[in-house]
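The structure appears right after this line, and notes come after that.
Protein chains: 2
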Amino acid sequence: MRAPVTVSPDPSLSHRTLRSTVTVLGPDGQPLPQTEVTVTQHRHAFGFGNIGFDLVDLADGGPAPSAAGAPGHDAARTAELEHLALLWLDVFSTATLPFYWGTFEPVRGRPATGRLLRAAQWFVDRGVTVKGHPLLWHTVTAPWLLELSTSEIEQVQRERIRREVTDFAGLIDTWDAINEAVIMPVFDKEDNGITRLCREKGRIETVRLAFEEARAANPDATLLLNDFDLSTAYECLLEGVLEAGVQVDVLGLQSHMHQGYWGEEKTLAILERFSRYGLPLHLTESTLLSGELMPPEIEDLNDHQVDHWPSTPAGEERQAQEIERHYRTLLSHPSVESITYWGITDDGAWLGAPAGLVRQDGTPKPAYEVLRRLIKDEWWFSPTPLRTDDAGRVTVSGWRGDYEVSARGEFVPLVLDGEPQQVQLP
Amino acid sequence: MRAPVTVSPDPSLSHRTLRSTVTVLGPDGQPLPQTEVTVTQHRHAFGFGNIGFDLVDLADGGPAPSAAGAPGHDAARTAELEHLALLWLDVFSTATLPFYWGTFEPVRGRPATGRLLRAAQWFVDRGVTVKGHPLLWHTVTAPWLLELSTSEIEQVQRERIRREVTDFAGLIDTWDAINEAVIMPVFDKEDNGITRLCREKGRIETVRLAFEEARAANPDATLLLNDFDLSTAYECLLEGVLEAGVQVDVLGLQSHMHQGYWGEEKTLAILERFSRYGLPLHLTESTLLSGELMPPEIEDLNDHQVDHWPSTPAGEERQAQEIERHYRTLLSHPSVESITYWGITDDGAWLGAPAGLVRQDGTPKPAYEVLRRLIKDEWWFSPTPLRTDDAGRVTVSGWRGDYEVSARGEFVPLVLDGEPQQVQLP
């Protein structure tokens, strides 16, 4: 193991900001003294993400016709999705798209590659970074694996990883290489080919397989190990995986809080335990409910099935307060580089839970407004007119991320990442 | 990982017995036809163990004089210990001796080697196999480690392992190489040098260190990885350790049941999960109470401190029933090769709990009688007179273990281990 890292949280978020001197050059390469420029932030270096599942239909050309076939239905549904897309794009800049094998390729040899390529392209066209989730998982896996021998399962799993990572390279360069390996070989809710594979190969070799194939298909990809089990079991797995020489780029931590908000102390303790491996942390799946909480005795969240699980006014206030506390806590820890909220809308949310930021009727909840205020206001560099000094320089104090400098009607990009900056107008 | 192993439990314990043909030869090497012989079992191949902590004083020449200095006290105490020793030796054949660094070498450079050598020799002289516990652990570790740098801690920890394993080779050839590595780097109850070391090196490298030094000092030693955490965390750690090429001889599973007997289903599920690595399993620390149970909300058993924790008649009946169920369940699983009960007497028991098999006043509890009946009666080959056939053969159907054949006033050892047997009288 590499030497452990000790990183202290800083609630002032000073580690998220920079003060940078930018020299503005004219088309001739000479500094432009005493010139009016406007600096505008375009995106955060920090990954503020959400799932893009709900928008795949829209990106794929609108929702499929309803069973009833009423043409009016499609138009109304499309309008709803367009409204949802506006809300989504106004706050988030990283989308997680679904690559569950069981839904991506329910019939062997007929993967939904085209549909997902269109979805990924739709997000990329709108300036959104896309992540694929997951390449290897025992849940929602291809049912037809059960007909194969374990060595055949390994073969088709390897091929599937190479295929997806290759087909989407350039559009999707970040992947959950493997999901929930801690429980994978002992998962007993449902017989499935991946648990069989992992039980025979062991966790570490299964992790290796996923990373090996994904890396071979796209050497530049960012590959995550992702898990919901944040106990010492995950630490032990990670230590074994690192010891085995598997190159993990990012450690993914789920945080579905259907049973209640963790609070600052628990959250920071988790971040402290997992940051000491020196890997960036992504909070890959964060959920806070705006309704009744799931009872604490439920161990597998999937076991809690209710007919009706409404979002309530009191729940929405609580969700809004908790989401602010959670994001402030996570951003305070320098190892955290991304948070993906798990749900934009209650419509079709996992388990039917009121986990979304937007109600079933399309109106934003207070939690949405809170996130928008944090991400696009309090933590945002508003367009600011500045004047260069005699040496053509302006000082920008802002959040790490992508910016634009405009002057004389021209626009040039600027990246605030700590390097000395020079921008040249065309 | 090696291919997973599937082993089915067998309540009939047929895997613990053998039917073996033994040819009895005379001093001239010729078979002795039609001769009366008696076959007697001496010990089980299975390890029926207990801690030997309480008998160290006796083995070391009697208890130390009391503070009051009354000579009668020592004599009475010695008599009590001699009585306890008889009870101990009548049932058990494997002893765990304490090598907690903090009590073994409280002052650097002054280890209790002589005292423990005498204790080990005492047991060995009585036909008992001795195990040392533990070579590396963060609890009850040497307090003076806190004054050292982490690299110095590693150095003295390595030296300590080599020293003990070398000094005791021949008397103690089985060691808990490392104890509770799952929690080791995140243990936060008490600052200590070993947690610091493990946090910096990582769990796997710390495990490697312990096994490496112990193996180097005694290549023939049986070395255990031992833990109380039987969750998936331990599986993950073990997979990482095996992947890293550390040779683990035996997997040690603690089972302190201060909060209640596990029951057959949970016990078998644990054995199933840990047997699939193909390693022998030792139940290294088993406890069942004969009094009130510890409340279920206690997470670290050490947190439960009570002034008075009596053994009760109802508790003793429950303990006796549970110990029988527990031993039957454990023996039914072919991967289990040893059970060490953690306590012979309530006098001085860990946490003051009524965990012993003998009451404070020295009288045996029903659980003692149950164990004695199982180990030395139901699962024992009583001395049996047999007559050889015309080819000098007798058939012995008995429990795997060490036996003695006597004929014509002579005694020769016999090992019932599945090999064809021939014994020659002197």
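Here the protein sequences line up with chains A and Y, keeping their order.
For the record, in the first sequence the residue sitting at position 270 is 270 according to the UniProt record's numbering, with numbers rising by one throughout.
For the record, in the second sequence the residue sitting at position 137 is 137 according to the UniProt record's numbering, with numbers rising by one throughout.
Idealized CB from N, CA, C, for every residue including glycine.
- Across the structure, residue 156 (chain Y) and residue 47 (chain Y) are spaced so that their CA atoms are roughly 32 Å apart.
- In the structure shown, the three-state DSSP call for residue 31 (chain Y) is strand.
- In this structure, the alpha-carbon of residue 226 (chain Y) lies about 6 Å from that of residue 178 (chain Y).
- Shown here, residue 294 (chain A) sits in coil according to DSSP, grouped into three states, outside any helix or strand.
- With a threshold of 8 Å between beta carbons, residue 243 (chain Y) makes contact with chain A.
- Within the segment 180-223 of chain A, no complete beta strand (DSSP E) segment of 3 residues or longer occurs.
- Under the DSSP assignment, residue 51 (chain Y) falls in the beta strand (DSSP E) whose first and last residues are 47-51.
- If you look at residue 366 (chain A), you'll find it isn't in any beta strand (DSSP E); it sits in the alpha helix (DSSP H) that goes 366-373.
- Along the length of the segment 121-167 of chain A, whole alpha helix (DSSP H) runs at least 4 residues long do not occur.
- Under the three-state reduction of DSSP, residue 173 (chain A) is assigned to strand.
- Contact annotation: the segment 167-174 of chain A does not touch the segment 193-209 of chain A, with fewer than three C-beta pairs closer than 8 Å.
- Membership of residue 256 (chain A) in the beta strand (DSSP E) is indicated by the continuous run 250-257.
- Taking 9 Å as the cut-off between beta carbons, the residues of the segment 214-244 of chain Y near chain A are 229, 231, 232, 233, 234, 235, 236, 237, 238, 239, 240, 241, 242, 243 and 244, in sequence order.
- CA-CA distance, residue 229 (chain Y) to residue 235 (chain A), rounds to 14 Å.
- For residue 38 (chain Y), the CB contacts under 6 Å within the same chain, skipping 5 residues up- and downstream, are 383, 385 and 406 in chain order.
- Contact check for residue 176 (chain Y) against residue 134 (chain Y) passes: the beta carbons are separated by less than 8 Å.
- Beta bridge pairing from DSSP links residue 11 (chain A) with no other residue.
- Around the C-beta of residue 83 (chain A), fewer than 16 other C-beta atoms lie within 10 Å, and the residue is accordingly described as exposed.
- Neighbours of residue 153 (chain A) across chain Y, judged by C-beta separation under 7 Å, do not exist; the nearest C-beta is about 15 Å away.
- By the CB criterion at 8 Å, residue 161 (chain A) and residue 213 (chain A) fall inside the cutoff.
- Remark: fewer than three beta-carbon pairs, one from each stretch, lie closer than 8 Å, so the segment 2-20 of chain Y and the segment 411-424 of chain A are not flagged as touching.
- Within its own chain, the residues whose Cβ lies closer than 7 Å to the Cβ of residue 153 (chain A), once the five positions on either side in sequence are excluded, are 145, 193, 196 and 197, listed in chain order.
- Taking 8 Å as the threshold, the shortest C-beta distance from residue 194 (chain A) to chain Y does not fall below it.
- Excluding five sequence positions before and after residue 17 (chain A), the CB atoms of its chain that fall closer than 8 Å to its own CB belong to 397, 398, 399 and 400, given in chain order.
- Non-local C-beta neighbours of residue 13 (chain Y) in its own chain, meaning closer than 6 Å and more than five positions away in sequence, comprise 331, ordered along the chain.
- In the three-state reduction of the DSSP assignment, residue 307 (chain Y) falls in the coil class, being assigned neither a helical nor a strand state.
- Taking each of A:126, A:42, A:343 and A:378 in turn and checking the Cα distance to residue 285 (chain A), the smallest one comes out for A:343.
- CA-to-CA, the gap between residue 259 (chain Y) and residue 295 (chain Y) works out to about 6 Å.
- Residue 281 (chain Y) sits away from residue 231 (chain Y), with the two beta carbons spaced by 8 Å or more.
- At least 8 Å separates the CB of residue 130 (chain Y) from every CB of chain A.
- Annotated as proximal: residue 312 (chain A) and residue 290 (chain A), with beta-carbon spacing under 8 Å.
- The beta-carbon of residue 158 (chain A) is placed no less than 8 Å from the nearest beta-carbon of chain Y.
- Residue 273 (chain Y) belongs to the set of residues whose beta carbon lies under 8 Å from a beta carbon in chain A.
- At least one CB of chain Y lies nearer than 8 Å to the CB of residue 204 (chain A).
- According to the DSSP assignment, residue 313 (chain A) belongs to the alpha helix (DSSP H) that extends over 313-332.
- DSSP, read as helix, strand or coil, puts residue 91 (chain A) in helix.
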